[in-house]
Amino acid sequence: MSVPQYRKAAALALVAGLGLSLAACSTKSDDAKTDAGGKATITVDCQPVGAQKELLKNWNDDVIEFQRQNPDIVVKSVSVGEQCNNPPDFTARLAGGTVTDLFYGYMTDLQQVLDSGQAMDITEFADKDTVPTWDSIDPALKEVFTDGGKIYAVPVKNYSMGLVYNKVLFQQAGLDVNSPPKTWVEVRDAAKKISALGKGIAGYSEYSAGNTGGWHFTSLLYSQGGQVLTADGKKADFNNAMGKQVLQNLKDMRYGDNSMGDRQLLQWGDLLTNAGAGKVGMFIGAPDATQAIVSQFQGKFQDWAMAPLPGQDGAAKGTLGGGEGYFFTKGLSPEQVKAGLKWIAYQKLTPGKGQFDYVRAKPQNYPVGLPQPLLFANGSDAQKQELELRKTNANVDTANFAIFEATPVPIKGEPRNAQAIYAVLDAAMSGVLTNPNANIDALLKTAEGKVNQLLTAEG
């Protein structure tokens, strides 16, 4: 996720406030495109943070092996902490010019990166020579990072949203783990029963800060059959019965039922920390949310299962899909671009290697068997290889995702200027979750005005 010009103004102010401190920690390799031995040197961000010991070791081991296989390339890894899960941090680094040669961004970041003037056109380098599985990558995912026929990033992850639920809490509340809620009415009923367990447990939990609230509002709106923007992308289209229903559902659970807990204004890590501690009955998320609960927030994978996103009175009419990729900064040499693509191919796009090294991951506290990321086109050679490896090495009960996979919901992409819009919609989400007297009509009207203003400014 990320923000174009709306959040960029705030980011520029943030950078100005930081002064020299941000510039001093620049992560570019401007001073060393090649070393004395003629090796192409690249800096790459989103190295796992220190707390993720196994993931960090895997990454470092991969760097060593990659460099052994490619002795003409040097990979310098950079950990930027929560930047990879925190859109405002990403924007600040982009505005401050401190991104790495290869920098991780969300599918919604393309316009922001282009606006920054730091995006490099990699079209002439992206092919089977540098990325052997290039022709297997889903064309729709490549298109997300393409503008005017030019490619600016390589997709490395994708997802779609569903209902993530805690089987242990379901059982304790007398709910059927094999028949999770199919409608928001059923979600509300289940949340009441789970929250009645006490012990600080929220029956249902939701985001409302750091752009994550607007992100989830969008998925909830899709479940109602709505859209954030009009078909031409020029005006807001959520101030209607469907948008009101999204907020009314949450307000009813938060204050009518008291089934969402007292602590609100949650961001990504906040909710998953609570989930890992067994304090959340349900939330909406992608399959890798369960992975994060285990690998980063000390949860137990066997406690969690997934179902399709609920609809209002029946099946959901849509759900949000998105993902991430790696951009390249302007000014890199051809050798650096090729080196970067080879690294991404090894670490992110090769069955049996990097993120797809299921043999290595199987004995670790790292779930294998999740229906994500699905980067390769159905029926392609890489897709067949990845699926076979995933099934062979699964260390989790794939039945936990059976309902989710067997009942697919139509996927809708994120809206134009997604992160800027999400920032606006955070206020509507936080409003109904922190104020029992919140006026839903007023919240949506205000958000509509701000989004329309944003779109007008964007032109």
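Sequential numbering of the sequence shown, starting at 1188, is according to my numbering. All C-beta atoms in this analysis are idealised placements derived from N, C-alpha and C, irrespective of residue type, glycine included.
Report all residues from its chain with a CB closer than 8 Å to the CB of residue i; omit the five preceding and five following residues, and keep chain order.
i	result
residue 1288	1215, 1216, 1229, 1230, 1231, 1515, 1516, 1519, 1523, 1527
residue 1497	1350, 1368, 1369, 1370, 1371, 1373, 1374, 1410, 1503
residue 1629	none
residue 1268	1236, 1276
residue 1439	1375
residue 1414	1408, 1424, 1425, 1599, 1602
residue 1474	1346, 1349, 1493, 1557, 1558, 1559, 1588, 1591
residue 1331	1294, 1297, 1342, 1510, 1512, 1600
Drop a sphere of 10 angstroms on the beta-carbon of residue i, count the other beta-carbons inside from all chains shown, and report buried for 16 or more, exposed for fewer.
i	result
residue 1534	buried
residue 1345	buried
residue 1541	buried
residue 1635	buried
residue 1363	exposed
residue 1311	exposed
residue 1418	exposed
residue 1511	buried
residue 1296	buried
residue 1489	exposed
residue 1399	buried
residue 1477	buried
residue 1366	exposed
residue 1644	exposed
residue 1208	At residue 1208 the pLDDT is 29, less than 50, meaning the model places this residue with poor confidence; the figure from the coordinates comes in the next sentence. So residue 1208 ends up on the exposed side.
residue 1623	exposed
residue 1273	buried
residue 1397	buried
residue 1251	exposed
residue 1353	buried
Can you give me the Cβ contacts of residue i inside the same chain, cut-off strictly under 6 Å, excluding the 5 residues immediately before and after it?
i	result
residue 1241	1551
residue 1317	1525, 1528, 1529
residue 1347	1506, 1508, 1598
residue 1453	1394
residue 1176	In this structure the chain extends from 1188 to 1646, so residue 1176 is not present and cannot be described.
residue 1162	This structure does not reach residue 1162, given that the chain is present from 1188 up to 1646, and the question cannot be answered.
residue 1582	1549, 1555
residue 1448	1389
residue 1594	1495
Put residue i into one of helix, strand or coil per three-state DSSP.
i	result
residue 1368	coil
residue 1308	coil
residue 1388	coil
residue 1275	helix
residue 1144	The question about residue 1144 has no answer, for the chain in this structure spans 1188 to 1646.
residue 1293	strand
residue 1315	coil
residue 1267	coil
residue 1630	helix
residue 1416	strand
residue 1474	helix
residue 1563	strand
residue 1282	helix
residue 1494	strand
residue 1555	coil
residue 1638	helix
residue 1465	coil
residue 1262	strand
Quick test of your reading: residue i and residue j, contact by CB under 8 Å. State the CB separation rounded to the nearest angstrom.
i	j	result
residue 1390	residue 1468	5 Å
residue 1638	residue 1492	Residue 1638 to residue 1492, Cβ: 35 Å. No contact.
residue 1342	residue 1328	4 Å
residue 1529	residue 1257	6 Å
residue 1600	residue 1508	6 Å
residue 1603	residue 1416	6 Å
residue 1591	residue 1495	6 Å
residue 1625	residue 1618	4 Å
Residues in the same chain with beta-carbon distance under 7 Å from residue i, minus the five sequence neighbours each way, listed in chain order, please.
i	result
residue 1412	1429, 1504, 1505
residue 1580	1545, 1546, 1549, 1555
residue 1265	1214, 1230, 1231, 1232, 1234, 1287
residue 1538	1569, 1572, 1573, 1576
residue 1435	1627
residue 1359	1384
residue 1632	1426
residue 1561	1345
residue 1200	Note that residue 1200 scores 26 on pLDDT, short of 50, meaning its location in the model is unreliable; the coordinates nonetheless yield the value given after this. Excluding sequence neighbours, residue 1200 sits near nothing in its chain.
Inset, instruction - Kindly provide the ranges of any alpha helix (DSSP H) runs that are 4 or more residues long and lie completely inside the region 1520–1550, ordered along the chain. - result: 1521–1535, 1545–1548
Inset, instruction - Can you check the region 1317–1353 for any beta strand (DSSP E) of at least 3 residues that lies completely inside it and give the ranges in chain order? - result: 1340–1347, 1349–1353
Inset, instruction - Could you tell me which uninterrupted alpha helix (DSSP H) segments, each at least 4 residues in length, are contained entirely in the region 1416–1454, listed from first to last along the chain? - result: 1428–1438
Inset, instruction - Note down, one range per segment and in chain order, each alpha helix (DSSP H) of at least 4 residues found wholly within the region 1567–1615. - result: 1568–1580, 1589–1593
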